[in-house]
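Here the structure is laid out as structure tokens; the discussion comes afterwards.
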Amino acid sequence: MMEGNTQKPPQKAEYEFPPFMEEYVKTDFLKQCIKGEVLYDLSCGKCHNLKIKKKTVIPDFTTEQLQGYDMRLANTEHQNNLNGTQVTTEELGYIISFLTYKKKSGIPATGDNLPH
Ligand code: HEC
Numbered sequence: 057m058m059e060g061n062t063q064k065p066p067q068k069a070e071y072e073f074p075p076f077m078e079e080y081v082k083t084d085f086l087k088q089c090i091k092g093e094v095l096y097d098l099s100c101g102k103c104h105n106l107k108i109k110k111k112t113v114i115p116d117f118t119t120e121q122l123q124g125y126d127m128r129l130a131n132t133e134h135q136n137n138l139n140g141t142q143v144t145t146e147e148l149g150y151i152i153s154f155l156t157y158k159k160k161s162g163i164p165a166t167g168d169n170l171p172h
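Now the structure itself:
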């Protein structure tokens with residue numbers, strides 16, 4: 057775990073939490089999101105990021121895509137790249153928090169925006 061680690065990663069992404077979310081819950085999710093962003097960059101971005109006008113865009117996954125989906129087994133790309141030794145269940149949780157609460161890019165992760 058990150059306890060005792062004073063080296064905080066720079067917070068690059070902006071987040072949007074539901075307005076009714078309690079402050080302490082937000083604080084907790086924010087920590088998860090910051091870890092999740094780093095992990096997303098390492099484990100997901102190379103396939104899922106889009107290049108739009110030379111800018112790297114992280115598409116918006118819906119809650120359904122993120123929840124109703126066993127990411128590890130859904131396709132061979134995931135089976136080869138997301139097995140438990142590479143991305144633990146805990147790490148996948150952080151990534152899901154990141155993708156859930158990151159500020160929307162406005163580009164949905166559907167159809168042609170998914171890797172082929
Ligand atoms: C080696 C490339 C690759 C990597 C790495 C990868 N993915 Fe995928 N991902 C794919 C492909 C290919 C699909 C399937 C697209 C389709 O179904 O048409 C997919 C589909 C998905 C979907 C489902 C979208 C849907 O509508 O069903 C989600 C969610 C997803 N990926 C999340 C992730 C996350 C989170 C990570 C990192 C932990 C990740 N992927 C890493 C290639 C990758």
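Residue numbers (this note's numbering): 57 to 172. Idealized CB from N, CA, C, for every residue including glycine.
Cβ atoms of residue j and residue i: under 9 Å apart, would you say?
i	j	result
L122	I163	no
Hey, how far is the Cα of residue i from the Cα of residue j?
i	j	result
K82	F73	7 Å
T177	C103	For residue 177 there is no data in the structure shown, the boundaries of the chain being 57 and 172.
G149	I90	12 Å
K109	N137	28 Å
D126	E79	30 Å
Q142	H172	21 Å
G92	I151	4 Å
T144	D116	22 Å
Going by DSSP, which residues form a beta bridge with residue i?
i	result
Y71	K158
G108	One point to set straight first is that residue 108 is Ile, not Gly, in the sequence displayed. According to DSSP, I108 bridges with K111.
When we look at the beta-carbon of residue i and count the other beta-carbons within 10 Å, is it buried (16 or more) or exposed?
i	result
L98	exposed
E120	exposed
Three or more C-beta pairs below 8 Å linking the segment 79-94 and the segment 151-168
yes
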